[in-house]
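Input: a single structure, listed below in structure tokens.
Residue numbers (full-length UniProt numbering): 1 to 763.
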């Protein structure tokens, strides 16, 4: 069978392929010279924070603190193409729906505020004040503030997010569906239970001191490539890098640093993983428990032989609760159950545990391969358990490190984007601003969609992002959005969320991260963001805005707020004209932001103190707390084995993609070119079903709720992935993720554990 879209994989991540890709993206933007000049200010103290990921910046950075992802993000934003009113006049919404995500966003930057006209099925230009007035009027006209949903993308700055939550709480609701609900919610929940704070405990400098780094369910080569530089340096000095990932990812195997001139000239690369294990989907918790079982057995053997302890007994005694109960749970877990659920052999797990025991300082890092499962919170608790055993938290070179995707998803939560806000935060708002704060928990993403579907929600405002394509159960979400009285999307480019208008629908164009944000006196405004290491730093755009009609996210929020709740509590436009005033309010209501404006203007910003990193535990027990539950009764791959022809599917990004934004149609790290509707599958699984590479199938969801879910016309790609597990790209496969399937305690969509079957298509 002809399979022209399947080609050669890159021999390593980075290297000349990355440089070629960077040049290609800059040329495609139509502004290669200015784009290259812009990149020199990416992640610099006097420049802008790259929107490409949330990886931290080094204390002593170079003049090239960007990666291939960053180049794509900057080129995507600084394109010369424009989606003007003429573009919308030439295309109905129905016609635009036929475009792929890639085709739609390639039309360029939005230039004017637009209002949907149902009679013509087109978006028409509208004045800003007219838009604000109608939006405010509809919001005021709802019979309850809880009828409105206020979504936030992690791209929003601290200032925009804080102003947004302040407006919405003055309005009277805690309905804050947020992008973190779909990715790292389980990390926050699990870590809060284990160590008392829902963030990672490490600094970037800790990667320079670690003896071993465990990378679980994470693909930094595509999702946060700058991390590969830190992993490469760790590998070069002899640190063990232990990877658990069902699929072989090139960036975790070999990396050629484009900034290493000698390596580039020689065409060389550095091996990253010292150990690479491929568990079955959902098998990470069992693998980690297996390692703990090995460590505890080694401790017993050491005690019997009179040898030094393997465990850190001082840490366990002084800082930990429920260790004895955890030990009993591990002892009760049989090796047969661990091997079957993890998909790994006992020997493999023992090798991984050996690397852990030989290291004095260990970091464990993970991403959505861990968090998007039904039992994701329990898995994160198990990871914390494993790190507690040898005291690998709260000291240099060791700790827990969930790596976020969006550049400020962690900061948004810090400054109040939370549907279940802490009482102390609400008390501080009420005291400082003098209004009655809503106390009832609001909606997260899944409950917001449910409220739209049952009619209890009537309005949606999206601060960035592409809600319709990022969320699960695509057909249901389209129905949910289209049935609302009001939909508002604050965005930089057209996307599919804009093509599901409610009765009244607006697209409000905002400035991008690279663009100058000038106030009424012509002064450049500074925003701030928080990275995965809790570093808060400033960001100021340097480019001329794509259109004179654009407003900043802060200004748009202020305009809607003034039209909805008035200026009785705060002067919205005054805050929008001076972000220092917003930061003064943040300082007054959120611990850790003392001298915010002063510290923000220091090179590289400042660190938000993490109590767990100092071995201070804000848990009910006042200590780091072991999780003592059993393994899941069954994981997705175990369920798949029980039914013939069923497979466990995970969704992930291609290398030419950032979340729902598709930059191109190639995935050179996996050897796929010009095609996105593909399914990665083990060659023996193809053989067993009598299929071939490139064969076309429909992927059919297998969720017992009576809803038919089909992703049509996908092609097989043979790949190194465990038998019974398969993978493919989102958002194309989001249609298969059931709205009703969510993580226990986290309510995160289970996008890494979807049960499916295949239906052959006619040739």
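Each residue gets a CB set at the ideal place from its N, CA and C atoms; glycine is no exception.
On a predicted model such as this, the values are computed, not experimentally measured, just so you know.
Cβ neighbour criterion (16 or more within 10 Å) applied to residue i
i: residue 421; result: buried
i: residue 436; result: exposed
i: residue 291; result: buried
i: residue 708; result: exposed
i: residue 755; result: buried
i: residue 8; result: exposed
i: residue 143; result: exposed
i: residue 572; result: buried
i: residue 226; result: buried
i: residue 236; result: exposed
i: residue 609; result: exposed
i: residue 620; result: exposed
i: residue 55; result: buried
i: residue 492; result: buried
i: residue 199; result: buried
i: residue 438; result: buried
Under the three-state DSSP convention, the category residue i falls into
i: residue 788; result: With the chain covering only 1 through 763, there is no way to say anything about residue 788.
i: residue 292; result: helix
i: residue 328; result: helix
i: residue 571; result: coil
i: residue 165; result: helix
i: residue 626; result: coil
i: residue 500; result: coil
i: residue 92; result: coil
i: residue 530; result: strand
i: residue 710; result: strand
i: residue 639; result: helix
i: residue 255; result: strand
i: residue 621; result: coil
i: residue 322; result: coil
i: residue 689; result: coil
Bounding residues of the alpha helix (DSSP H) (the contiguous stretch that carries residue i)
i: residue 220; result: 220-223
i: residue 131; result: 128-141
i: residue 359; result: It is not in any alpha helix (DSSP H) - residue 359 carries neither H nor E in the DSSP assignment.
i: residue 780; result: Limits of the chain in this structure are 1 at one end and 763 at the other, which puts residue 780 out of reach.
i: residue 467; result: 467-470
i: residue 187; result: 185-195
i: residue 525; result: Unbroken run through residue 525: none, as it is neither H nor E.
i: residue 598; result: 596-600
i: residue 74; result: 68-77
i: residue 341; result: 335-342
i: residue 588; result: 579-589
Paired residues, beta bridge with residue i - DSSP
i: residue 123; result: 116
i: residue 506; result: 115, 488
i: residue 694; result: For residue 694, which the question treats as bridged, DSSP gives no partner whatsoever.
i: residue 364; result: 214, 400
i: residue 275; result: 242
i: residue 760; result: 697
i: residue 614; result: Answer is none; residue 614 lacks a bridge partner.
i: residue 767; result: The chain is shown from 1 up to 763; residue 767 falls before or after that span and cannot be answered.
i: residue 606; result: 536
i: residue 726; result: 649
i: residue 13; result: 255
i: residue 718; result: 681
Element boundaries [beta strand (DSSP E), containing residue i]
i: residue 370; result: Unbroken run through residue 370 is the alpha helix (DSSP H), 368-371; no beta strand (DSSP E).
i: residue 207; result: Looking at the DSSP string, residue 207 is not in any beta strand (DSSP E), and its letter there is neither H nor E.
i: residue 679; result: 678-681
i: residue 424; result: Residue 424 -> not in any beta strand (DSSP E); alpha helix (DSSP H) instead, spanning 423-433.
i: residue 651; result: 647-652
i: residue 665; result: Where residue 665 is concerned, there is no enclosing beta strand (DSSP E), given that its DSSP letter is neither H nor E.
i: residue 459; result: 459-463
i: residue 152; result: 148-152
*Is there contact here, the region 83-96 with the region 122-131, by at least three beta-carbon pairs under 8 angstroms?*
Yes: at least three Cβ pairs fall under 8 angstroms.
_Three Cβ pairs or more, each shorter than 8 angstroms: is that satisfied between the region 213-226 and the region 450-459?_
Judged by Cβ distances under 8 angstroms, the region 213-226 makes no contact with the region 450-459, as fewer than three pairs qualify.
*Decide yes or no for the touch test of the region 339-357 against the region 706-720: beta carbon pairs closer than 8 angstroms, at least 3 of them.*
The region 706-720 and the region 339-357 do not touch, with fewer than three beta-carbon pairs separated by less than 8 angstroms.
*Below 8 angstroms, can you find three or more Cβ-Cβ pairs linking the region 617-637 to the region 371-383?*
At 8 angstroms Cβ cutoff, the stretches touch.
*asked:* Check whether the region 598-607 and the region 306-315 are in contact - that is, three or more C-beta pairs closer than 8 angstroms.
replied: The answer is no - the region 306-315 does not touch the region 598-607, with fewer than three Cβ pairs under 8 angstroms.
_Tell me whether the region 166-180 and the region 498-509 touch, counting them as touching only if at least three CB pairs, one residue from each stretch, are closer than 8 angstroms._
Counting Cβ pairs under 8 angstroms, fewer than three are found: no touch.
*asked:* Using 8 angstroms as the cut-off, can you tell me whether the region 462-479 makes contact with the region 143-159, which would need three or more C-beta pairs spanning the two stretches below that distance?
replied: The region 462-479 vs the region 143-159: in contact.
*Can at least three beta-carbon pairs, one atom from the region 185-200 and one from the region 511-529, be found at a separation below 8 angstroms?*
Contact annotation: the region 185-200 does not touch the region 511-529, with fewer than three C-beta pairs closer than 8 angstroms.
*asked:* Whether or not the region 529-546 and the region 562-577 are in contact is what I'm after, with contact meaning three or more pairs of Cβ atoms, one per stretch, closer than 8 angstroms; do they touch?
replied: Contact between the region 562-577 and the region 529-546 is absent, with fewer than three C-beta pairs closer than 8 angstroms.
*Is there contact here, the region 238-248 with the region 309-327, by at least three beta-carbon pairs under 8 angstroms?*
By the Cβ rule, the region 238-248 does not count as touching the region 309-327, because fewer than three pairs are nearer than 8 angstroms.
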